[in-house]
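Step one of this worksheet: look at the structure below.
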Amino acid sequence: MRKTFVAAALLLFALASHAQTTDALWSDLTAGNARFVEGNLDYSALRQLRNATAGGQSPQTSILSCADSRVPAELIFNRSIGELFVVRTAGNVDDTFNIASLEYAAEHGWTKMIIVMGHSECGAVKASMTAPRPGEPTPALYELIQRIRKSFKTPPRDLREAIIMNIEYTAEQLAKNPHLKDVPIVKAYYDIATGKVERIP
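As structure tokens, then:
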């Protein structure tokens, strides 16, 4: 049985190395998310995947997600070594170094899709729903909160709406980047209670 799991994992890795459409990539990820929701994950092929990727990487999907410890992208999509290029920061915002990371993946020709993924109960977005005092709670956090507040085109009615506004704003900023112009951007919302990811139109 273990050999079957290992073979299946390596086959999945091999298939992922071939270019797919955005819809096909998203479909594969949602299938993995369904396994995560059910708790049916298998990582028995880690050693083989380490060996297979030791010489390089070519993940077709990049994800800009939150640094929140409850949002582990690889687990959420039932993906393993070499399959996702993940950039994480509080509030899944775009900043100089996050953008540089995504540009790096795009310039190397790996990335066929970028996912901007926010999540329920995001502390960074929740903090941004109230205007902070200058420099508080720390200068860096003040800048983060101010950046997230830019995404509120209208006063958000609740936290979920604020989180989605922030996802949409980040996606809009990435879409304006000439170095990412050929990479489709998908917006997603992750529910930390159910484990389910939904695509935002």
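Residue numbers 39 to 239, in this note's numbering, belong to the letters of the sequence shown in order. Backbone N, C-alpha and C define an ideal beta-carbon position, used for all residues, glycine too.
How about residue i and residue j: do their beta carbons lie closer than 8 Å?
i: V221; j: A144; result: yes
i: G70; j: C104; result: no
i: V125; j: R185; result: no
i: I238; j: I201; result: no
i: S118; j: Y81; result: yes
i: A209; j: K219; result: no
i: Y275; j: M155; result: It is not possible to answer for residue 275, since the shown part of the chain is limited to 39 through 239.
i: I152; j: I205; result: no
i: L87; j: G120; result: yes
i: I114; j: E159; result: no
i: L140; j: S100; result: yes
Buried or exposed for residue i, going by 16 or more other Cβ atoms inside 10 Å?
i: T149; result: buried
i: Q98; result: buried
i: E174; result: exposed
i: D196; result: exposed
i: T168; result: exposed
i: T15; result: This structure leaves residue 15 out entirely; the chain is present only between 39 and 239.
i: N78; result: exposed
i: H157; result: buried
i: L182; result: buried
i: L84; result: exposed
i: E25; result: Past the edges of the chain, shown from 39 to 239, lies residue 25, and the structure says nothing about it.
i: R40; result: A caution first: R40 carries a pLDDT of 38, below 50, which makes its placement in the model unreliable, though a value can still be read off. Exposed, because fewer than 16 other Cβ atoms sit within 10 Å of the Cβ of R40.
i: S65; result: exposed
i: F135; result: exposed
i: N89; result: exposed
i: T232; result: exposed
If you follow the beta strand (DSSP E) that residue i is in, where does it begin and where does it stop?
i: R126; result: L122 to R126
i: V224; result: I223 to Y228
i: L102; result: T99 to S103
i: V235; result: V235 to I238
How is the alpha helix (DSSP H) around residue i delimited, first residue to last?
i: R108; result: Run containing R108: none; DSSP gives neither H nor E here.
i: S65; result: T60 to E76
i: R117; result: Taken as a continuous stretch (DSSP letters only), R117 belongs to no alpha helix (DSSP H), as it is neither H nor E.
i: T91; result: L84 to T91
With hydrogens ignored, establish whether the beta-carbon of residue i is closer than 7 Å to any heavy atom of the ligand SAM.
i: L197; result: The ligand SAM is not part of this structure, which contains no ligands at all.
Of all the alpha helix (DSSP H) runs that stay within the bounds of the segment 134 to 215, which reach a length of 4 or more residues? 134 to 145, 161 to 166, 177 to 187 and 197 to 213
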